[in-house]
Amino acid sequence: MEKLIRTVFILFVVLFSKINLFAQKIVKIYPKVIDNVLLNPEIGFMTFQRFNGDTLNRIDWTEGFPIIYQKFDGNLSNKNYPETTIAYFRIYWQYLEPEQGKYDWSLIDKALKTASERHQSLMLRVAPYGYPLSEGTDVPAWYRSLVGEKGDDLSRRWRADPEDLKYVKFFGGLIAALGRRYDGNPHLLSVDLSIVGYWGEGEGSDKLTQRTREALVDAYTDNFKKTPLIVQLTDKKTNGYALSQANVGWRGDCLGNMGGVHSLTSGSSSEMLDEYPEDLVNFGMKDAWKKAPVSMEVCGTMEKWKEHGVDINYVIAQSLKWHMSSFNAKSSPVPKEWQPAVKQWLKEMGYRLALRRFTYPDSSRTDAMLHFTSWWENQGDAPCYNKKYRLALKLKSSDTSLVYLTDADITQWLPGDNVYDNSIYIPLNILKGFYDLQVGIVDRQTHIPIINLAIEGRDKEGWYTLGKVYIE
């Protein structure tokens with residue numbers, strides 16, 4: 121009996137010593153939040169018919185025509201304009217289809233290539249026609265010869281009758297071909313769902329028959345399944361149908377127009393006071409931002425805002441309330457005295473992800489799971505919409521580097537607090553010793569960090585070191 125007791129005691133001591141040997145201490149990390157402007161994909165200001173490093177417009181702007189490429193000296197900065205990760209290209213139908221059924225994709229191919237070279241992704245609109253009235257802004261010459269002038273309705277800003285079956289056949293056909301060629305292109309950020317009106321802005325959409333409305337919208341939603349679509353805020357029927365077919369975002373092309381004596385257009389009404397707030401609710405688009413981006417465009421230019429006495433702080437506050445992710449200031453200068461306000465705007469526009477708390481054990485066996493918890497704060501006004509971006513952890517030593525993609529869906533991280541807890545597997549054959557535990561948001565294919573976080577500690581590769589973990 122005494123021998124049995126001694127044996128049990130020895131086994132207990134050995135077991136207890138092993139438990140102590142692998143006793144884990146929970147490490148709690150509270151990263152320091154930073155207040156810098158972060159240059160991140162798919163959010164913020166954009167260049168218009170230009171790219172990073174190009175000379176800005178002076179006061180006005182150009183649109184709809186093929187890009188005039190400027191000589192590039194290698195400097196990506198923009199004088200009196202924020203750094204950007206987006207280039208916006210708007211092109212009229214006639215330049216993409218100069219001959220019936222013969223598409224000139226070189227215009228878009230070159231724009232995509234140049235955007236990538238300038239560290240940007242491309243936002244695209246194909247407009248059926250534009251204004252002022254001229255051959256250079258009209259529908260293609262071959263299409264004009266087919267339909268003549270009889271279908272024009274300038275009171276609706278239509279330069280071609282969309283109810284003519286040929287309009288759906290040919291313009292819709294171009295859009296379908298566009299989708300077949302470019303949907304999912306990694307350098308194409310989004311496509312505007314443009315169907316009628318000067319510059320493709322959608323005037324008169326509410327007057328379309330449902331048959332025509334659906335056919336034109338379907339040309340986009342049937343052929344762009346990967347690249348996000350952004351619809352102009354036009355009317356309940358068009359916006360509602362588009363939203364029923366896909367998670368479309370929305371855009372407004374006259375941000376800052378306060379109307380009255382401050383009006384930036386020929387009329388006295390105000391998009392800011394008379395249209396956007398009510399239309400968002402009435403057209404069913406109020407919550408669209410949770411699934412797809414909101415992008416807006418300056419009414420006139422920011423210099424003209426200043427001339428007309430626009431309250432920049434009011435405009436900024438409203439745009440953030442509407443969860444705007446990106447802003448087209450038409451590559452025209454930001455007034456010097458407004459640059460501090462714009463800097464603060466950029467800190468809140470789109471997503472801004474800060475890791476606030478992270479816990480993990482300071483040690484782990486091999487062939488075991490290492491559990492972690494994390495609290496994230498989205499300090500911006502919208503989520504990140506790109507499903508190609510993944511939260512990742514990395515174990516790194518002088519000899520080993522292991523990247524773990526998590527299943528966290530950061531597109532669901534709305535403004536405010538977000539929690540993600542999980543575990544990573546420590547393989548049996550990993551070398552024993554101390555490792556840096558790092559975090560980052562990466563491209564799911566390349567595993568390269570893609571998003572700058574609003575915390576200190578970023579290394580030259582884009583990872584953020586949280587602490588050490590010992591693998592036994």
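For the sequence shown, my numbering assigns the number 592 to the last residue and increments by one with no breaks. We put the beta carbon where it would ideally sit given N, CA and C, even for glycine. All figures in this text were calculated on a predicted structure; none of them were measured in a lab.
So, is residue i buried or exposed, given that buried needs 16 or more other C-beta atoms within 10 angstroms?
| i | result |
| --- | --- |
| Ile-568 | exposed |
| Met-489 | exposed |
| Lys-580 | exposed |
| Arg-170 | buried |
| Leu-375 | buried |
| Gln-558 | buried |
| Ser-451 | buried |
| Phe-403 | buried |
| Trp-225 | exposed |
| Tyr-584 | buried |
| Asp-258 | buried |
| Val-311 | buried |
| Ala-437 | exposed |
| Gly-250 | buried |
| Pro-503 | buried |
Using the DSSP secondary-structure output, state which residues sit across from residue i in a beta bridge.
| i | result |
| --- | --- |
| Trp-409 | Beta-bridge pairing links Trp-409 to no other residue. |
| Met-444 | Val-414 |
| Asn-305 | Paired residue(s): none; Asn-305 is not in a bridge. |
| Trp-533 | Partner(s): none; Trp-533 has no beta bridge. |
| Ala-280 | Partner(s): none; Ala-280 has no beta bridge. |
| His-491 | Ser-543 |
| Trp-370 | Val-351 and Val-414 |
| Val-157 | DSSP output for Val-157 lists no bridge partner at all. |
| Gly-322 | DSSP output for Gly-322 lists no bridge partner at all. |
| Gly-184 | Ile-211 |
Less than 7 Å between C-beta atoms, sequence neighbours within five positions excluded: which residues of the same chain meet that for residue i?
| i | result |
| --- | --- |
| Glu-237 | none |
| Ala-339 | Gly-292, Ile-295 and Ala-296 |
| Lys-286 | Leu-266 and Val-267 |
| Leu-141 | At Leu-141, the pLDDT of 44 sits below 50, so the modelled position is not reliable; the number obtained from the coordinates is stated separately. So no residue of the chain qualifies. |
| Glu-468 | Leu-440, Gly-500 and Asp-501 |
| Gly-324 | Arg-276, Arg-277, Trp-278, Val-316 and Gly-317 |
Can you name the start and end residues of the beta strand (DSSP E) that residue i belongs to?
| i | result |
| --- | --- |
| Gln-558 | 553–563 |
| Thr-479 | 473–481 |
| Lys-148 | 146–149 |
| Lys-588 | 584–591 |
| Lys-516 | 509–516 |
| Tyr-263 | Run containing Tyr-263: none in the beta strand (DSSP E); it sits in the alpha helix (DSSP H), 261–267. |
| Ala-574 | No beta strand (DSSP E) holds Ala-574; DSSP gives it neither H nor E. |
| Glu-423 | Premise fails: Glu-423 lies in the alpha helix (DSSP H), 422–427, not in any beta strand (DSSP E). |
| Leu-384 | Taken as a continuous stretch (DSSP letters only), Leu-384 belongs to no beta strand (DSSP E), as it is neither H nor E. |
| Ser-521 | 521–525 |
| Glu-168 | One point to set straight first is that residue 168 is Phe, not Glu, in the sequence displayed. Where Phe-168 is concerned, the enclosing beta strand (DSSP E) stretches over 164–168. |
For residue i, which residues of its own chain have a beta-carbon under 6 Å away from its beta-carbon, when the five flanking residues on both sides are left out?
| i | result |
| --- | --- |
| Val-147 | Tyr-480, Asp-482 and Gly-587 |
| Asn-448 | Met-166, Phe-168, Tyr-208 and Glu-417 |
| Gln-220 | Trp-262 |
| Ala-528 | Leu-511 and Tyr-540 |
| Leu-515 | Leu-522 and Tyr-555 |
| Pro-151 | Leu-475 and Ile-575 |
| Trp-425 | Gly-376 |
| Asp-326 | Asp-355 |
Within the same chain, show all residues whose beta-carbon is closer than 8 Å to that of residue i, passing over the 5 residues directly before and after it, in chain order.
| i | result |
| --- | --- |
| Asp-373 | Trp-319, Glu-321, Gln-352, Met-416, Glu-417 and Cys-419 |
| Arg-564 | Lys-508, Tyr-509, Arg-510 and Leu-525 |
| Asn-433 | Ala-461 |
So the candidates are the options; which of them puts its Cα closest to the Cα of residue i?
| i | options | result |
| --- | --- | --- |
| Leu-466 | Thr-486, Arg-476 and Met-444 | Met-444 |
| Thr-204 | Ser-241, Pro-455 and Arg-178 | Ser-241 |
| Lys-199 | Gly-470, Asp-556 and Gln-459 | Gln-459 |
| Leu-313 | Leu-336, Lys-327, Asp-303 and Arg-331 | Leu-336 |
| Ala-235 | Val-153, Arg-333, Asn-572 and Asn-305 | Asn-305 |
| Leu-216 | Lys-289, Gly-173, Leu-298 and Lys-145 | Leu-298 |
| Asp-501 | Asp-407, Glu-457, Ile-591 and Ser-484 | Asp-407 |
| Gly-184 | Gly-256, Ser-517, Trp-409 and Asn-195 | Gly-256 |
| Gln-532 | Tyr-223, Ile-149, Arg-485 and Lys-411 | Lys-411 |
| Val-414 | Leu-308, Phe-192, Pro-218 and Tyr-505 | Tyr-505 |
| Leu-232 | Asp-399, Arg-472, His-307 and Tyr-361 | His-307 |
Give the range of the alpha helix (DSSP H) segment to which residue i is assigned.
| i | result |
| --- | --- |
| Leu-363 | 356–365 |
| Tyr-302 | 285–302 |
| Arg-333 | 330–341 |
| Glu-395 | Counting along the chain, Glu-395 falls outside any alpha helix (DSSP H), and DSSP gives it neither H nor E. |
| Leu-274 | Neither: Leu-274 is in no alpha helix (DSSP H) and is coded neither H nor E. |
| Ile-350 | Per DSSP, Ile-350 belongs to no alpha helix (DSSP H); it is in the beta strand (DSSP E), 349–352. |
| Glu-246 | For clarity, residue 246 is Val in the given sequence; the question names Glu instead. Taken as a continuous stretch (DSSP letters only), Val-246 belongs to no alpha helix (DSSP H), being part of the beta strand (DSSP E) at 241–247. |
| Tyr-215 | 213–216 |
| Thr-234 | 226–237 |
| Leu-466 | 459–468 |
So is the beta-carbon of residue i under 6 Å away from any non-hydrogen atom of the ligand SAH?
| i | result |
| --- | --- |
| Gly-256 | Although the ligand SAH was asked about, the structure shown includes no ligands whatsoever. |
For a cutoff of 7 Å on Cβ pairs, would you count residue i as touching chain D?
| i | result |
| --- | --- |
| Ala-231 | In the displayed structure, chain D is absent; only one protein chain is listed. |
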